[in-house]
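Everything below concerns the one structure shown next.
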Amino acid sequence: MRKWLKIYFGFNAREKKGILLLLLILMLLQFVPYIYEKIMPEAPLSPENEKLFVEYYKSMEDRVEVKITGSPEKKSLFVFDPNTLDEAGWMRLGLSKKQAMSVLNYRSKGGVFREKEELKKMYTISPGLYERLFPYIKIAVSRETEKELPKFPARPGLPYRKENLNVISLNDADSLGLLQVKGIGPVFAGRILKYRERLGGFVQLEQLLEVFGMDSLRLNQLSPQLAIDTGLIRKIAINKVSVIELRLHPYIGYKQAQVLAEYRKQHGNYINFASLSKVIVLSAVTLNKIAPYISFEYD
């Protein structure tokens with residue numbers, strides 16, 4: 001057996017040296033990108049190449065947006081009852097499949113819309129969409145629905161006791177603090193803290209919908225227990241930050257970070273949002289999202 005293994009798997013001295021050399025080369029290749037980045041500075045884009053890159057990026061962004069939002073011509077408004085409308089009806093009104101399922105999930109768990117304004121509380125429905133839908137909302141109040149609401153006679157001597165919920169500051173709470181919120185467990189608390197670190201802090205509660213596993217029904221349950229202090233937001237010094245640091249922010253992609261850094265190198269520091277908006281790869285939506293996180297300080 002040993003003789004057979006030696007014949008087929010044994011190596012002579014020359015072959016052993018060759019294998020060691022190959023392993024050494026493979027190890028060195030792992031460090032080549034880092035060494036190259038340190039030794040060779042990134043060459044600036046020519047105006048022609050920068051224009052081509054921007055046009056390509058915008059075309060790709062438009063394709064993604066069309067794929068996500070769909071054709072606006074297929075959306076039509078009509079009178080509807082949010083308590084009975086099915087998934088296809090919500091999608092006809094302009095909601096995505098995920099947003100429609102969130103509303104249906106809210107209803108399946110006992111949620112009922114009794115007033116038009118209650119639809120605005122659904123975080124999956126933006127204020128703009130709510131304003132467009134408002135004239136078409138018609139809620140039918142049935143006697144059966146009224147009977148489902150229990151009526152208890154008042155009992156003298158027993159004051160009404162409202163459940164006291166601790167309000168937690170979302171931007172400075174640790175994991176123990178978040179665990180005091182009803183509806184947040186250890187796993188979800190960890191996800192919130194990790195995403196908060198990447199963001200630099202939450203500006204509004206709706207950003208929690210960007211945390212994996214969060215939906216509007218859950219957010220509706222958590223929101224009375226959470227408060228936001230925007231004074232704790234960690235700013236990005238846009239005139240000092242590196243590409244590597246900038247691309248770590250959830251709202252900025254790697255290519256966008258590269259263009260921002262290159263534009264700064266060629267045109268000088270950003271003075272305000274007017275100068276930042278000149279970078280074509282940043283859409284108006286992206287600018288609005290990153291606005292609370294940007295600082296224009298420079299040396």
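Be aware that the sequence shown starts at 1, since it is given in UniProt numbering, and climbs by one per residue.
Using N, Cα and C, we set each Cβ at its ideal position, and we do this for glycine too.
Here the structure is a predicted model, which means the values were calculated and not measured.
Practice problem: Rank Leu-21, Leu-24 and Lys-240 by C-alpha distance to the C-alpha of Tyr-298 and give the top, closest one. | Solution: For the purposes of this step, residue 298 is identified with residue 298 of the sequence shown, where counting begins at 1. The candidate whose alpha carbon is nearest that of Tyr-298 is Lys-240.
Quiz item: Quick one: does the C-beta of Glu-262 sit closer than 7 Å to a heavy atom of the ligand ZN?
Solution: Looking for the ligand ZN in the displayed structure turns up nothing, as the structure carries no ligands at all.
Quiz item: The alpha helix (DSSP H) spanning Tyr-195 covers which residue range?
Solution: Within the sequence shown, the letter at position 195 stands for residue 195. That run of the alpha helix (DSSP H) goes 186-199.
Practice problem: Confirm, please, whether the CB-CB distance from Glu-87 to Met-101 is below 8 Å. | Solution: Counting from one through the sequence shown, the residue named residue 101 turns up at place 101. Counting from one through the sequence shown, the residue named residue 87 turns up at place 87. Taking 8 Å as the Cβ cut-off, Met-101 and Glu-87 qualify as a contacting pair.
Practice problem: Report the residue ranges of all alpha helix (DSSP H) runs contained in full by the segment 90-140; include only those spanning at least 4 residues, in chain order. | Solution: Listed in chain order, the complete alpha helix (DSSP H) runs (minimum 4 residues) inside the segment 90-140 are 97-108 and 127-133.
Exercise. Answer yes or no: do Ile-233 and Ile-290 have a C-beta to C-beta separation smaller than 8 Å?
Key: In the sequence shown, residue 233 corresponds to position 233, counting from 1. In the sequence shown, residue 290 corresponds to position 290, counting from 1. The answer is no: Cβ separation not under 8 Å.
Quiz item: Hey, Asn-105 and Asp-215: beta-carbon distance below 8 Å or not?
Solution: Locating residue 105 in the sequence shown gives position 105, where the first residue counts as 1. Locating residue 215 in the sequence shown gives position 215, where the first residue counts as 1. Yes, Cβ-Cβ distance for Asn-105 and Asp-215 is below 8 Å.
Quiz item: Does the beta-carbon distance from Val-167 to Gln-221 come in below 8 Å?
Solution: Reading the sequence shown from its first residue, position 167 is the one you call residue 167. Reading the sequence shown from its first residue, position 221 is the one you call residue 221. It is not a contact, given that the beta carbons lie outside the stated cut-off.
Practice problem: Taking 8 Å as the cut-off, decide whether the C-beta atoms of Ser-295 and Lys-255 are in contact. | Solution: As a working mapping, residue 295 is identified with position 295 in the sequence shown. As a working mapping, residue 255 is identified with position 255 in the sequence shown. Cβ distance not < 8 Å, so Ser-295 and Lys-255 don't count as in contact.
Quiz item: Could you give the distance in angstroms between the alpha-carbon of Gly-190 and the alpha-carbon of Leu-170?
Solution: For the purposes of this step, residue 190 is taken as residue 190 along the sequence shown, with counting starting at 1. For the purposes of this step, residue 170 is taken as residue 170 along the sequence shown, with counting starting at 1. Answer to the nearest angstrom: the Cα atoms are 13 Å apart.
Quiz item: So what does DSSP say about Ala-237, is it helix, strand or coil?
Solution: Numbered from its first residue, the sequence shown carries residue 237 at position 237. Strand.
Practice problem: Identify whether Leu-85 lies in helix, strand or coil by the three-state DSSP scheme. | Solution: Counted from its first residue, the sequence shown places residue 85 at position 85. In the structure shown, Leu-85 sits in coil (DSSP, three-state: anything other than H, G, I, E or B).
Quiz item: Can you give the beta carbon distance from Asp-81 to Ile-139, rounded, assuming they're within the 8 Å contact cut?
Solution: On the sequence shown, position 81 is the one that residue 81 refers to. On the sequence shown, position 139 is the one that residue 139 refers to. Yes, they are in contact, since the Cβ atoms of Asp-81 and Ile-139 sit about 6 Å apart, within 8 Å.
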